[in-house]
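Chemist: Before I ask anything, here is the structure I am working with.
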Amino acid sequence: MSAPDAEAPKLDKARHIKYWQRCHKSFLPTAYTGSDSTRLTFAFFIISALDILSVPLTAQDRAAVRTWVLSLQHPDGGFCGSPTHAIAGENASKGSANIAATFFALILLGMAAETEEEQRSAFAGVDRKAILLWLKKLQRSDGSFGQVLWEGEPTGGRDTRHSYLASSIRWMLRGSVEREDENRVEDIDVEKMTQYIRGLQTYDGGIAESSTEESHAGYAYCAISALSMLDRHSDAAANAKGAMDSGIEDRAKLLKFLAHRQFKYMSNTEAIASDEGSTENYLEAKLGDLSLDGERAYTGFNGRWNKKADTCYTWWACSMFRLLDADYVYDAVPTGNYLLDITQHIIGGFGKAVGEPPDIYHSYLGLATVGLIGGHDLKEVDAGLCCSTDAVRKIEMAREGMLEALKKQSEQRGGWGGEEFWGKAAEMIKVR
C-alpha cells in the first residue's frame with residue numbers, strides 16, 4: 001500500500017469538524033425523520049466521527065451520552081434503537097431491542113469515557129448476563145443470527161450483518177471468564193456461526209446472503225469482520241482458533257472479487273444519474289474501460305458488479321484488505337484522492353458519489369477510510385469495529401473494569417451472605 005503523497009488533496013479537517021458539530025448540536029434535516037428508529041446508530045456516527053477528528057466531548061456531553069444510552073437498555077437484554085422503542089416503567093419488557101442498537105450502544109458507552117476511572121466504569125449499568133443470554137437466543141440452528149426476538153424467536157434477515165454485530169458484542173462483553181466462574185454465561189455456537197459464514201461465498205468469490213445470490217462487498221466486510229472478531233477474543237480457551245481460516249472457503253477468489261471492486265474514476269461516466277428509469281447507479285457504457293492499468297489519479301470502489309463508485313465501498317473494501325493482511329491489493333494514493341477530491345464536500349462530510357450532498361452514513365465511512373489509510377491528522381481507525389483504535393482501547397478497559405466489579409460482587413456475596421453479613425454489619429455499627 002502506498003503512503004499518502006505530499007501533493008495529494010487534503011482533508012479539510014476544520015470543515016469536517018463543523019459538519020459533525022452541527023450534526024451533534026442541532027436537529028438533523030427532515031430527511032432523517034423516517035429513520036428515527038435508528039437514532040442510536042446516528043449517535044454512533046456523530047460521536048465516533050468527532051472522536052476520529054480528536055474533538056473531545058465535554059464532561060456534560062459525556063454524561064448526557066451515557067445517561068441516554070443506558071435509558072435505551074431493554075430489561076430482557078439488548079438495547080433499543082431509539083426512545084420510541086424503549087418503553088418505561090412496568091411495560092418496559094414490551095419494548096424492542098435489536099442487535100445493531102446493542103452494538104452501537106456498547107461502543108458509545110466506551111467512547112463517552114475520558115478519564116481512566118470513567119473508562120473502567122463505562123459498562124457500569126450494562127446488564128452483561130441478560131445481553132449475552134439474549135444474544136444466544138438470537139442465534140438460529142443454522143448458525144445465523146436474527147435482528148430481534150419476537151415471541152422468543154429470532155426474526156429478521158439471515159445475512160452477515162447480524163453475524164458481525166453478534167461477534168462484536170460477544171467480544172466486547174465476554175472477556176476471560178473461567179468456566180467455573182459464576183459470571184460465565186453460556187456462549188453462542190461459534191463453530192456453527194463460522195461454518196454458516198463459510199457457506200455464503202459465491203461462484204465469483206464474493207459473499208452474499210446465500211451462496212446463490214448476488215455477492216456484495218458490504219456482506220463480505222461483515223463476514224470477514226465477524227470472523228476477525230472471533231479470532232480477536234481475549235479468552236483464548238473459548239476462541240474458535242483460526243476462524244478467519246476456517247470461515248473463508250476460498251481466500252484467493254475473495255481477494256480477486258475485492259480487487260475487481262476498484263476502477264479508475266472517469267468523470268464522463270460518473271455523472272450523476274437521473275432519478276428516472278431503472279438504470280440509476282449503473283455504468284451502461286465503456287464497461288471495458290474500468291481498468292487499473294497505467295497511471296491513475298483517482299480510484300473508486302463499487303460494491304457489486306457493473307455499479308458506479310460509492311464512498312461507502314471504499315470502507316467496505318479497504319478495511320477488508322487490512323483484515324486480510326492484503327493492503328498490497330490496492331493503492332492508497334488514488335483511493336484517498338477519490339475521496340478527498342471527488343466526494344469530499346465543500347461544507348464538510350462526504351457525499352455518496354460525485355456532486356452529491358453529504359449525509360451522515362457516507363460522511364462517516366468516508367472519514368473512517370481516510371483514517372484507515374492514515375495521515376491527515378486523524379486518529380488511527382480499527383478495521384474490525386469501524387471506530388478509532390483509541391475507542392477500542394477504552395472498550396477493552398470497560399470490559400476489564402466490568403469483569404473486575406462482577407468478581408468483587410461474587411466474592412462479597414460468598415463471604416458476606418446471610419447471617420454472616422448481618423453479623424459483620426452489626427460489628428461495624430458498634431465500632432462506630
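When we follow the UniProt record's numbering, the leftmost residue of the sequence shown carries the number 1, and every step to the right adds one.
Even glycine gets a Cβ: it sits at the ideal position worked out from N, Cα and C.
#1: Please state the DSSP three-state secondary structure of ILE248.
#2: Secondary structure at PHE27, three-state DSSP: helix, strand or coil?
#3: Specify whether the segment 297 to 312 and the segment 204 to 220 touch according to this definition: at least 3 beta carbon pairs, one from each stretch, less than 8 angstroms apart.
#4: Looking at C-alpha atoms only, which residue of ALA63, LYS94, ASP61, ILE248 is the closest neighbour of GLY77?
#5: Taking the C-alpha atoms as reference points, what is the distance between VAL333 and HIS376?
#6: Excluding the 5 residues flanking THR343 on each side, which residues of the same chain have their C-beta closer than 7 angstroms to its C-beta?
#7: Tell me, please, whether the CB atom of ALA100 is closer than 8 angstroms to any CB atom in chain B?
#8: Please classify ALA63 as buried or exposed, where buried requires at least 16 neighbouring CB atoms within 10 angstroms.
#9: Measure the C-alpha to C-alpha separation of ALA101 and ASP127 and round it to an integer number of angstroms.
#10: Using a Cβ-Cβ cut-off of 6 angstroms (strictly less than) and excluding sequence neighbours within five positions of TYR364, which residues of its own chain qualify?
#11: Is it right to say ILE207 is buried, meaning 16 or more other beta carbons lie within 10 angstroms of its own, or is it exposed?
#12: Ordered along the chain, which non-local residues of its own chain (more than five positions away) have a Cβ less than 6 angstroms from that of LYS192?
#13: Would you call residue 469 buried or exposed, if buried means 16 or more other Cβ atoms sit within 10 Å of its Cβ?
#14: Here's the rule: buried if 16 or more other CB atoms are within 10 angstroms of the residue's CB, otherwise exposed. What is TYR19?
#15: Compute the beta-carbon to beta-carbon distance between residue 467 and PHE301, rounded to the nearest angstrom, for a pair I have assumed lies under 8 angstroms.
#16: For a minimum of 3 consecutive residues, which ranges assigned as the beta strand (DSSP E) are wholly contained in the segment 70 to 105?
#17: Consult DSSP for LEU53 and reduce its assignment to one of helix, strand or coil.
#18: Along the chain, where does the alpha helix (DSSP H) that runs through GLY242 open and close?
#19: Can you tell which of HIS85, VAL69, ALA105 has the C-alpha that lies nearest to the C-alpha of LEU173?
#20: Using 8 angstroms as the threshold, is the segment 139 to 154 in touch with the segment 113 to 126, meaning 3 or more CB pairs across them?
#21: Identify every residue that forms a DSSP beta bridge with GLY300.
#22: Where DSSP assigns a beta bridge to GLN119, which residues make up the other side?
#23: How many Å lie between THR369 and GLN412 at the Cα?
#24: Given this structure, state the Cα-to-Cα distance separating VAL69 from LEU108, to the nearest angstrom.
#25: Measuring alpha carbon to alpha carbon, tell me which of THR30, ILE17, CYS80 ends up nearest LEU40.
#26: Grouping DSSP H, G and I as helix and E and B as strand, with all else coil, what is ASP382?
#27: For SER168 versus PHE103, is the C-beta spacing smaller than 8 angstroms?
#28: Report yes if the CB atom of ASP51 is closer than 8 angstroms to the CB atom of SER319, and no otherwise.
#29: Contact check, THR299 vs ASP327 under 8 angstroms by CB: the rounded distance?
#30: Taking the alpha-carbon of ASP325 as reference, which of MET244, THR335, THR160 has the nearest alpha-carbon?
#31: Measure the C-alpha to C-alpha separation of TYR221 and LEU372 and round it to an integer number of angstroms.
#32: Is the distance from the Cβ of LEU227 to the Cβ of THR194 below 8 angstroms?
#33: Please name the residue, chosen from THR67, HIS162, SER141, HIS345, that lies closest to PHE123 on a Cα-to-Cα basis.
#34: Give me, in chain order, the residues of the same chain whose beta-carbon lies closer than 7 angstroms to that of GLY156; leave out the 5 immediate sequence neighbours on both sides.
#35: Buried or exposed for ARG399, please, with buried defined as at least 16 other CB atoms from any protein chain shown within 10 angstroms of its CB.
#36: Would HIS85 pass as a contact of SER71 if the rule is Cβ separation under 8 angstroms?
Modeler: Based on what the coordinates show:
#1: Within the sequence shown, numbered from 1, the residue matching residue 248 stands at position 248. In this structure, ILE248 counts as coil in the three-state DSSP scheme.
#2: As a position in the sequence shown, residue 27 is number 27, starting the count at 1. Looking at PHE27 - three-state DSSP - the assignment turns out to be coil, as it is neither helix nor strand.
#3: Output reads yes: the segment 204 to 220 touches the segment 297 to 312.
#4: To locate residue 77, count along the sequence shown from 1; it is residue 77. If we check each option's Cα against that of GLY77, LYS94 comes out closest.
#5: Here residue 333 is taken as the residue at index 333 of the sequence shown, counted from 1. Here residue 376 is taken as the residue at index 376 of the sequence shown, counted from 1. About 13 angstroms.
#6: For the purposes of this step, residue 343 is identified with residue 343 of the sequence shown, where counting begins at 1. Only THR311, PHE350, GLY351, ALA353, VAL354, GLY366 meet the Cβ criterion.
#7: In summary, chain B is missing from the structure at hand, where a single protein chain is found.
#8: For the purposes of this step, residue 63 is taken as the residue at position 63 of the sequence shown. Flag for ALA63 reads exposed.
#9: Stepping through the sequence shown from its first residue, residue 101 is reached at position 101. Stepping through the sequence shown from its first residue, residue 127 is reached at position 127. Roughly 15 angstroms between the two C-alpha positions.
#10: Working through the sequence shown from its first residue, we reach residue 364 at position 364. So the list reads PHE45, ALA49, once near-sequence residues are dropped.
#11: Position 207 of the sequence shown, counted from the start, is the residue given in the question as residue 207. By the 16-neighbour rule on beta-carbons within 10 angstroms, ILE207 is buried.
#12: Here residue 192 corresponds to residue number 192 of the sequence shown, with the count starting at 1. So the qualifying residues of the chain are GLY143.
#13: The displayed coordinates of the chain run from 1 to 432. Any statement about residue 469 would go beyond what the structure contains.
#14: Position 19 of the sequence shown, counting from 1, holds the residue named residue 19. Buried, by the Cβ-count rule.
#15: Any property of residue 467 remains undetermined from this structure, which presents the chain solely from 1 to 432.
#16: none
#17: Residue 53 sits at position 53 when you count from the first residue of the sequence shown. Here LEU53 sits in coil by DSSP.
#18: By 1-based counting over the sequence shown, the position of residue 242 is 242. No alpha helix (DSSP H) holds GLY242; DSSP gives it neither H nor E.
#19: Position 173 of the sequence shown, counting from 1, holds the residue named residue 173. Looking at the Cα atoms, ALA105 is the closest of the given residues.
#20: no
#21: Along the sequence shown, one-based indexing puts residue 300 at 300. DSSP output for GLY300 lists PHE263 as bridge partner(s).
#22: Walking along the sequence shown from the start, residue 119 turns up at place 119. Note: GLN119 sits in no beta bridge, so no partner.
#23: Here the question's residue 369 lines up with position 369 in the sequence shown. Here the question's residue 412 lines up with position 412 in the sequence shown. Within the model, the alpha-carbon separation for THR369 versus GLN412 is close to 47 angstroms.
#24: Taking the first residue of the sequence shown as 1, we reach residue 69 at position 69. Taking the first residue of the sequence shown as 1, we reach residue 108 at position 108. Cα-Cα distance, rounded: 8 angstroms.
#25: By one-based count along the sequence shown, residue 40 stands at place 40. Measuring from the Cα of LEU40, the nearest candidate turns out to be CYS80.
#26: Position 382 of the sequence shown, counted from the first residue, corresponds to residue 382. Note: ASP382 maps to strand in three-state DSSP.
#27: Mapped onto the sequence shown, residue 168 falls at position 168. Mapped onto the sequence shown, residue 103 falls at position 103. In contact: SER168 and PHE103 (Cβ atoms closer than 8 angstroms).
#28: By one-based count along the sequence shown, residue 51 stands at place 51. By one-based count along the sequence shown, residue 319 stands at place 319. No; because the gap between Cβ atoms is not below 8 angstroms, this pair is not in contact.
#29: The residue you call residue 299 lines up with position 299 of the sequence shown. The residue you call residue 327 lines up with position 327 of the sequence shown. Contact doesn't hold; Cβ gap of about 14 angstroms is too wide.
#30: As a first step, residue 325 is located in the sequence shown; it is residue number 325 there, counting from the start. For the residues MET244, THR335, THR160, the minimum Cα distance to ASP325 belongs to MET244.
#31: Residue numbering aside, residue 221 sits at position 221 when the sequence shown is read from its first letter. Residue numbering aside, residue 372 sits at position 372 when the sequence shown is read from its first letter. TYR221 and LEU372 have their C-alpha atoms roughly 15 angstroms apart.
#32: Position 227 of the sequence shown, counting from 1, holds the residue named residue 227. Position 194 of the sequence shown, counting from 1, holds the residue named residue 194. Yes, the Cβ-Cβ distance between LEU227 and THR194 is below 8 angstroms.
#33: On the sequence shown, position 123 is the one that residue 123 refers to. Closest option to PHE123, judged by alpha-carbon separation, among THR67, HIS162, SER141, HIS345: THR67.
#34: Here residue 156 corresponds to residue number 156 of the sequence shown, with the count starting at 1. Setting aside the 5 residues that flank it on each side, GLY156 is surrounded in the same chain by GLY146, GLN147, VAL148, HIS162, each with a C-beta closer than 7 angstroms to its C-beta; the list follows chain order.
#35: As a first step, residue 399 must be located in the sequence shown, where it is residue number 399. ARG399 is classed as buried because its beta carbon has at least 16 other beta carbons within 10 Å across all chains shown.
#36: Indexing the sequence shown from 1 puts residue 85 at position 85. Indexing the sequence shown from 1 puts residue 71 at position 71. No, the Cβ-Cβ distance between HIS85 and SER71 is not below 8 angstroms.
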